[in-house]
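Engineer: Next up is a structure, given as structure tokens.
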Amino acid sequence: MAPTLEAVAFGTKVDIASSDGTAAYTIDNLQPVPPDAQIVPAKGTMYAVDVTIVAKSGTPTYNGFYLVARAADGSNIAPAVGAVRPGITSGQLAQDQQVAGHVAYDVAPGQTITAIQFRDPKGKVLAVWGSG
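Letter by letter, the sequence shown follows residues 1 to 132 in full-length UniProt numbering.
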């Protein structure tokens, strides 16, 4: 079994390397989304994080689906890509370009988010942001 990554605090910049380049990711401000700001209505409570991605080398690809929430009970909560604006969808950045937006999560009643994980396209966790 792979070792568990230590979570860094929300707001911490983490460099993530991939085959197409390296980007610095910052995940911050986990908070509820008011119903009037939701494009897709939540079944539970909609939460969102602020995401900033800066390309440091190469032409790294980004995708909102790479950012998965971890619930207090250990389950995963898939991102509700497109549920809030401006949202992080997918694309590719040239060196020094950046993109910023939100990734939202529809959190079931009784669940809480304890961390946001960055997973590569194969599902390997490469970084974790948590509230400590």
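Ideal Cβ placement from N, Cα and C applies to all residues, glycine included.
Being a predicted model, the structure only gives us computed values, none of them experimental.
Sort L5, S18 and G123 by Cα distance to Q61 and report the nearest one.
Structural biologist: The identity of residue 61 in the sequence shown is Thr, whereas the question assumes Gln. With distances taken between Cα atoms, T61 lies closest to S18.
Engineer: DSSP three-state call for D96: helix, strand or coil?
Structural biologist: Coil.
Engineer: Measuring only the C-alpha atoms, how far is V66 from D28?
Structural biologist: The sequence given here places Tyr at residue 66; Val does not occur at that position. When rounded, the distance between both Cα atoms is 16 Å.
Engineer: For the beta strand (DSSP E) containing S57, list its first residue and its last residue.
Structural biologist: T45 to G58 is the span of the beta strand (DSSP E), which, as asked, contains S57.
Engineer: Can you name, in chain order, every residue of its own chain whose Cβ lies under 6 Å from the Cβ of V68, other than the five neighbours on each side?
Structural biologist: Excluding positions up to five away in sequence, the list reads N76, Q117 and R119.
Engineer: Could you check which residue in R85, E6, A115 and L93 has the C-alpha nearest to that of Y74?
Structural biologist: Per the sequence shown, residue 74 should be read as Gly rather than Tyr. Comparing Cα-Cα distances from G74 to each of R85, E6, A115 and L93, the minimum goes to A115.
Engineer: Would you say D50 touches the ligand FAD, meaning its beta carbon is less than 6 Å from a heavy atom?
Structural biologist: Of ligands this structure carries none, so the ligand FAD is not represented either.
Engineer: Residues in its own chain within less than 8 Å of V8 by CB, not counting five upstream and five downstream?
Structural biologist: Contacts found: V14, A127, V128, W129 and G130.
Engineer: Taking the alpha carbon of A94 as the reference point, which residue from G11, E6 and A24 has its own alpha carbon closest?
Structural biologist: It is A24 whose Cα lies nearest to the Cα of A94.
Engineer: Considering only the alpha carbon of each residue, which of Q97, T112 and V107 lies closest to T52?
Structural biologist: Cα-wise, what sits closest to T52 is Q97.
Engineer: Who are S90's beta bridge partners in DSSP?
Structural biologist: DSSP, once it has assigned bridges, lists N63 as partnering S90.
Engineer: Confirm, please, whether the CB-CB distance from T22 to K43 is below 7 Å.
Structural biologist: Contact flag unset, no.
Engineer: Hey, out of I39, T26, Q111 and A37, whose CA is closest to R70's CA?
Structural biologist: The shortest C-alpha separation from R70 is found at Q111.
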